[in-house]
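Each residue of the sequence shown is one higher than the one before, starting from 1 at the first, in the UniProt record's numbering.
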Amino acid sequence: MSQPHSHAPGQPCNHSHGPQPQQAQMVMRPPDPVMQALIEESFQCDVDFTGLNRLAKFLVSSPALRCPPPPQIANKNLSAAITNTKEEGNTLFKGAAR
Numbered sequence: 001m002s003q004p005h006s007h008a009p010g011q012p013c014n015h016s017h018g019p020q021p022q023q024a025q026m027v028m029r030p031p032d033p034v035m036q037a038l039i040e041e042s043f044q045c046d047v048d049f050t051g052l053n054r055l056a057k058f059l060v061s062s063p064a065l066r067c068p069p070p071p072q073i074a075n076k077n078l079s080a081a082i083t084n085t086k087e088e089g090n091t092l093f094k095g096a097a098r
C-alpha cells in the first residue's frame, strides 16, 4: 500500500516512485472498404445524419470547446457518516488487538 505524500520545492526525494503506468493508446483503423460498402448497401434509414456528423466533427476538432469537469460537491452528511464509520472501525480494531 502506498503512502500519499508530496515533495516541497527544494526538498530532496530519497526514494523511488516506481515506473509510471502507461496509458493505453486508442488507435482507430480505417474502415475496410468492402465491409463499409456492404454496410452502406444494406442499411436503410429515413434519417439524414449529415448535420449530426458535421457537428460531431466540429466538436472533436475544436480544442477551445471542452466539457467542464463534473462538480466535486461533498455531501456533509456523507462525510460525517464516513468519518464516524472509520473511527468506529479503528476503535474496534484497536480493541481486538489487545
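Just so you know, even glycine gets a beta-carbon here, dropped at the ideal spot from N, CA and C. The structure displayed is predicted, hence computed values, not measured ones.
Give the C-beta separation of residue i and residue j to the nearest angstrom, bearing in mind that I take them to be a contact with Cβ-Cβ under 8 Å.
{"i": "L59", "j": "L65", "result": "6 Å"}
Do you know offhand how far residue i's Cα is from residue j's?
{"i": "S42", "j": "A80", "result": "58 Å"}
{"i": "K94", "j": "E87", "result": "11 Å"}
{"i": "S61", "j": "V34", "result": "28 Å"}
{"i": "Q36", "j": "P71", "result": "41 Å"}
{"i": "D32", "j": "N75", "result": "50 Å"}
{"i": "P69", "j": "P63", "result": "15 Å"}
{"i": "N77", "j": "T91", "result": "21 Å"}
{"i": "R54", "j": "V47", "result": "15 Å"}
{"i": "L38", "j": "Q44", "result": "12 Å"}
{"i": "P30", "j": "T85", "result": "52 Å"}
{"i": "V27", "j": "A96", "result": "53 Å"}
{"i": "I73", "j": "F49", "result": "37 Å"}
First and last residue of the alpha helix (DSSP H) that includes residue i?
{"i": "I39", "result": "33 to 42"}
{"i": "R66", "result": "Careful: R66 lies outside any alpha helix (DSSP H) and carries neither H nor E."}
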